[in-house]
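Chemist: full-length UniProt numbering numbers the first residue of the sequence shown as 1 and each following residue consecutively. Right, I'll just put the structure down here and ask away after.
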Amino acid sequence: KRKLGTHEPAHLYLSCDSRTRTVVDVMSLTAVMYCTFMVPFDMVFLPEPTTLSISIDLYIESFFLVEMCINFFTSYYDANNKHITNIRLIALHYMQGWFFIDAAGSVPTEMVTQITKAVQGGGQDISTLNNLKTIRIIRLFKLIRLLRVEALLEALEFSLPMLSAVVGLLRLLLMISILAHLIACVWYWVATRNLLNSWVSKYHLDCCTPTAVAPPLEDPTHDCLPVDSLPSITALYTDSIYWSITTIAAVGYGDVLPCNREEEIMAVVAMVLGSALFAYVVGAISSVFATGTAQEKKLQEKMVQLHDYLNLRKIPAELSRLIRLQCMHKWKHSVFSEEEILDDFMPQTRREVVEHILGDVINQVSMFKYIANTDFLTEITLKFRPVATGSQSVIQTIDDPAPDLFVVLRGTVHLLDEGGEVIGQATRGTAIYENELLSSLGETEEQDLPTFYTAPFSIKPASENCDLFALRRSDFISVLRRYPKVRQIYLDFKNDDDWSDAGTAAQLASLPVSPSPTPGGLEALWGEMVPGTRGSGGGPPSGKTVALVGALQRRVDARGVFVKSLCDNLQKFGMDMKGIERAGSGDSMGSAISASSHSPPAAILKSPPHLQSEPGGVGGN
């Protein structure tokens, strides 16, 4: 048996990003708009059906039924932004979503009417059937499809970003037009309850008996307009829409007035709705022209440029969607050049602003949080850029050259080996590829970036709700060249021979980590650890393990370097470490180790311990 989501036949589904789907959405939007205007009009004004109107109704009802079938084969993106193309999953998703709304709005009432008319031979019974309240209510179900208008407009705006402004204007005009049309239809429907003593008779013949409350249709004493004198349907609708627009846009001109109490109540309701619509329109227009939306305008410009580029290069639809999502994620954080803006600030103000915007980035990265030079930290912070994430995409692939530095601010990132298996994870505050970033430093500035170091493992977000920031290697080098003392700190750190030995030893041994390391030097850290074993039977430590711990011990003895930050980093990566214990107070630490049973990726263990300034030690520039 095949599992859901596997063996997906590419020829059995319609991509939601395809041009065909966009055409279907445009046709669906047009059909919904037609039904929105014509269904209330037909129910209230009862026009004589024509061949054209019947044909259009039959076509729309047929289209709605066909569209429902198409929806069962249209792919979609799940909560993790994964493109789902399996037919069974698509059908299940549609059944749990828009299916019942589409089904209620696709009842073919016109088909039923025409079939019944053909069966009865065009007798008068069909007129009676059309006037039944049941049929009218069923026809109103088509208005349920109005719930899909916003989703259709959003899909259209995403597919055609250059028409975003047009779609926004269209959304506003549709809202005004639909409300005005519905109010006009209800306004005339209220009049039909006593048509011969209503606003119709008052407007056309100035004949109205206000004390007569509708509907006294059987009382001829209140009839002041002969039935034969009623205006045409076109004139009646024109009067109704005229009154509706003047009422919701202002307070009316006073020429079309209510004649009875029901019409007065309707006028009050229309004025309340008009006031709410007026407030919404003013707010929408103000937001468009307000100076505070400069970022939105710039974002729109960038999206149009991106769309033109994707079309010029003929990028596939699925890849184009991924590119748009990544760019929107980045640009929504900021589309401005913050460096140019912050250059106009005073140094202290600039530091405070940067600390407020991206202080978490620096505070979470070990290789930066112990540097005392605030100007360097300010510049390096401004170089961090947001990274668009999606659980279906790998951000950095193993063996890719020159990996950037990534910092996890929210969520979890999986670390993958060559086979795509999860070998670790990075959570909030974890920096990834720190060692590879430092490898970019040469002995002199001219020798920076002498070799393309590759990514030792791939990284992939565990879920959609993951925020990462990235620092490019070139940006790191360019900033570091302006701060030679800070650069020398990192260079000394990189060239340390002891650490090179430790990195070599770490390739085959796991670094023991306390669940919550505490300050006090390596001895205090070792004392908290529990015994560990290698394999199932335990045994003496390997030579590589001894070399690793010995190298770390020499660093602590010689420089007073505190290794807690390295332990913190490994713990954040989620490594399932076993501990070691010191065998006797007088024994050397290297001979007292039992290596752990789990070996994390060597590239993680090679990540160097980051310096914490001690009294009298190196603290920055």
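Ideal Cβ placement from N, Cα and C applies to all residues, glycine included. Remember, it's a predicted structure, so these values are computed and weren't measured experimentally.
Taking the alpha carbon of residue 63 as the point to measure from, which residue in 48, 171 and 107 has its own alpha carbon closest?
Modeler: Working through the sequence shown from its first residue, we reach residue 63 at position 63. Checked all of 48, 171 and 107; the closest Cα to residue 63 is 107.
Chemist: With DSSP collapsed to three states, give me the class of residue 16.
Modeler: Position 16 of the sequence shown, counting from 1, holds the residue named residue 16. If DSSP states are grouped into helix, strand and coil, residue 16 belongs with coil.
Chemist: Taking a contact to mean a Cβ-Cβ separation below 7 Å, would you say residue 405 touches residue 471 in this structure?
Modeler: Taking the sequence shown and counting its residues from 1, one reaches residue 405 at position 405. Taking the sequence shown and counting its residues from 1, one reaches residue 471 at position 471. Contact flag set, yes.
Chemist: In angstroms, rounded to a whole number, what distance separates the CA positions of residue 502 and residue 94?
Modeler: On the sequence shown, position 502 is the one that residue 502 refers to. On the sequence shown, position 94 is the one that residue 94 refers to. Note that residue 502 has pLDDT 38, beneath the 50 cutoff, so the model's placement of it is unreliable and the number below is only indicative. Near 56 Å, if we compare the C-alpha coordinates of residue 94 and residue 502.
Chemist: Can you tell me whether residue 96 is helix, strand or coil according to DSSP?
Modeler: Counting from one through the sequence shown, the residue named residue 96 turns up at place 96. Note: residue 96 maps to coil in three-state DSSP.
Chemist: Which whole-angstrom value is the C-beta distance of residue 44 and residue 189, which I expect to be below 8 Å?
Modeler: Start at 1 with the first residue of the sequence shown, and residue 44 comes out as number 44. Start at 1 with the first residue of the sequence shown, and residue 189 comes out as number 189. Confirmed, Cβ separation roughly 5 Å.
Chemist: What are the boundary residues of the alpha helix (DSSP H) that residue 484 is part of?
Modeler: Looking up residue 484 in the sequence shown gives position 484. Note, residue 484: alpha helix (DSSP H), 484–494.
Chemist: Can you tell me whether residue 231 is helix, strand or coil according to DSSP?
Modeler: If you number the sequence shown from 1, residue 231 lands on position 231. If DSSP states are grouped into helix, strand and coil, residue 231 belongs with coil.
Chemist: When you compare only the Cα positions, how much space is there between residue 272 and residue 178?
Modeler: Residue mapping note: residue 272 aligns to position 272 of the sequence shown, counting from 1. Residue mapping note: residue 178 aligns to position 178 of the sequence shown, counting from 1. Roughly 16 Å between the two C-alpha positions.
Chemist: Helix, strand or coil for residue 546? Go by DSSP, reduced to three states.
Modeler: Position 546 of the sequence shown, counted from the first residue, corresponds to residue 546. Here residue 546 scores only 41 on pLDDT, less than 50, and its place in the model should not be relied on; the value that follows carries that caveat. The answer is helix: DSSP assigns residue 546 an H, G or I state.
Chemist: If you draw a straight line from the alpha carbon of residue 370 to that of residue 363, how long is it in whole angstroms?
Modeler: Walking along the sequence shown from the start, residue 370 turns up at place 370. Walking along the sequence shown from the start, residue 363 turns up at place 363. If you take the alpha carbons of residue 370 and residue 363, they lie about 9 Å apart.
Chemist: Quick check: what's the CA-CA separation for residue 61 versus residue 101?
Modeler: Here the question's residue 61 lines up with position 61 in the sequence shown. Here the question's residue 101 lines up with position 101 in the sequence shown. The alpha-carbon atoms of residue 61 and residue 101 are separated by roughly 14 Å.
Chemist: Does the segment 67–79 come within contact of the segment 12–19, defined as at least 3 CB pairs closer than 8 Å?
Modeler: These segments touch.
Chemist: Please determine, among 49, 461, 198 and 400, the residue with the shortest C-alpha to C-alpha distance to residue 260.
Modeler: Along the sequence shown, read from residue 1 onward, the residue named residue 260 stands at position 260. When each option's Cα is compared against that of residue 260, the closest is 198.
Chemist: In three-state terms, what does DSSP make of residue 424?
Modeler: Reading the sequence shown from its first residue, position 424 is the one you call residue 424. Residue 424 falls in the strand class under three-state DSSP.
Chemist: So for residue 481, helix, strand or coil by DSSP?
Modeler: Translated into the one-based positions of the sequence shown, residue 481 becomes position 481. Residue 481 falls in the coil class under three-state DSSP.
Chemist: Find the nearest neighbour of residue 266 within the set 191, 299 and 324, judged by alpha-carbon distance.
Modeler: As a first step, residue 266 must be located in the sequence shown, where it is residue number 266. It is 191 whose Cα lies nearest to the Cα of residue 266.
Chemist: Quick one: what's residue 468 bridged to in DSSP?
Modeler: Taking the first residue of the sequence shown as position 1, residue 468 is located at position 468. According to DSSP, which records beta bridges pairwise, residue 468 is partnered with 387 and 408.
Chemist: Decide if residue 305 is buried, meaning its Cβ has at least 16 other Cβ atoms within 10 Å, or exposed.
Modeler: Your numbering for residue 305 matches position 305 in the sequence shown. Under this definition residue 305 is an exposed residue.
Chemist: Go ahead and label residue 455 buried or exposed: buried means 16 or more other beta carbons lie within 10 angstroms of its beta carbon, across all protein chains shown.
Modeler: Indexing the sequence shown from 1 puts residue 455 at position 455. Buried.
Chemist: Please report the straight-line C-alpha distance between residue 473 and residue 436, rounded to a whole angstrom.
Modeler: Taking the sequence shown and counting its residues from 1, the one referred to as residue 473 is at position 473. Taking the sequence shown and counting its residues from 1, the one referred to as residue 436 is at position 436. Answer to the nearest angstrom: the Cα atoms are 9 Å apart.
Chemist: I'd like to check one pair, residue 84 with residue 636: are the Cβ atoms closer than 7 Å?
Modeler: There is simply no residue 636 to check, as the chain begins at 1 and stops at 621 in what is shown.
Chemist: Just the Cα atoms here: how many angstroms apart are residue 243 and residue 184?
Modeler: As a working mapping, residue 243 is identified with position 243 in the sequence shown. As a working mapping, residue 184 is identified with position 184 in the sequence shown. Between residue 243 and residue 184, the C-alpha separation is close to 7 Å.
Chemist: Please list the terminal residues of the continuous alpha helix (DSSP H) segment that includes residue 415.
Modeler: Against the sequence shown, residue 415 aligns to sequence position 415. Not the alpha helix (DSSP H): residue 415 falls in the beta strand (DSSP E), residues 413–416.
Chemist: Could you give the DSSP three-state label for residue 347: helix, strand or coil?
Modeler: In the sequence shown, the residue the question calls residue 347 occupies position 347. Reduced to three states, the DSSP call for residue 347 is helix.
Chemist: What residues in its chain sit with their C-beta under 8 Å from that of residue 463, if we drop five residues either side in the sequence?
Modeler: Locating residue 463 in the sequence shown gives position 463, counting from the first residue. For residue 463, where only same-chain residues beyond five positions count, the Cβ hits under 8 Å are 80, 391, 411 and 412.
Chemist: Can you look up residue 292 in the DSSP assignment and give me helix, strand or coil?
Modeler: Position 292 of the sequence shown, counted from the start, is the residue given in the question as residue 292. With a pLDDT of 45 at residue 292, under the threshold of 50, the predicted position of this residue should be treated as unreliable, though the coordinate-derived value follows. Helix, per DSSP.
Chemist: Report, in whole angstroms, the separation of the C-beta atoms of residue 139 and residue 153, which I expect to be a contact under 8 Å.
Modeler: Here the question's residue 139 lines up with position 139 in the sequence shown. Here the question's residue 153 lines up with position 153 in the sequence shown. No, residue 139 and residue 153 are not in contact; Cβ-Cβ is about 24 Å, not under 8 Å.
Chemist: Can you give me the C-alpha to C-alpha distance between residue 268 and residue 27, rounded to a whole angstrom?
Modeler: The residue given as residue 268 occupies position 268 in the sequence shown. The residue given as residue 27 occupies position 27 in the sequence shown. C-alpha separation (whole angstroms): 37 Å.
Chemist: What three-state label does DSSP hand residue 431 in the structure shown?
Modeler: As a working mapping, residue 431 is identified with position 431 in the sequence shown. Strand at residue 431.
Chemist: Might you give, ordered along the chain, the residues of its own chain that have their beta carbon closer than 6 Å to the beta carbon of residue 245, omitting 5 neighbours on each side?
Modeler: Translated into positions along the sequence shown, residue 245 becomes position 245. So the qualifying residues of the chain are 180.
Chemist: Count the other CB atoms, across all protein chains shown, that sit within 10 Å of the CB of residue 169; report buried if there are 16 or more and exposed otherwise.
Modeler: Here residue 169 refers to the residue found at position 169 of the sequence shown. Exposed, since its Cβ has fewer than 16 Cβ neighbours within 10 Å.
Chemist: Is residue 106 helix, strand or coil by DSSP?
Modeler: Along the sequence shown, one-based indexing puts residue 106 at 106. Coil.
Chemist: From what residue to what residue does the alpha helix (DSSP H) around residue 56 run?
Modeler: Along the sequence shown, read from residue 1 onward, the residue named residue 56 stands at position 56. Residue 56 -> alpha helix (DSSP H) spans 51–71.
Chemist: Counting only the same chain and skipping the five closest in sequence on each side, list residues whose C-beta sits under 8 Å from that of residue 14.
Modeler: In the sequence shown, counting from the first residue as 1, residue 14 sits at position 14. Cβ neighbours of residue 14 beyond the five flanking positions: 20, 21, 70, 73, 74 and 75.
Chemist: Mapping DSSP to helix, strand and coil, what is residue 401?
Modeler: Stepping through the sequence shown from its first residue, residue 401 is reached at position 401. Residue state, collapsed to three classes: strand.
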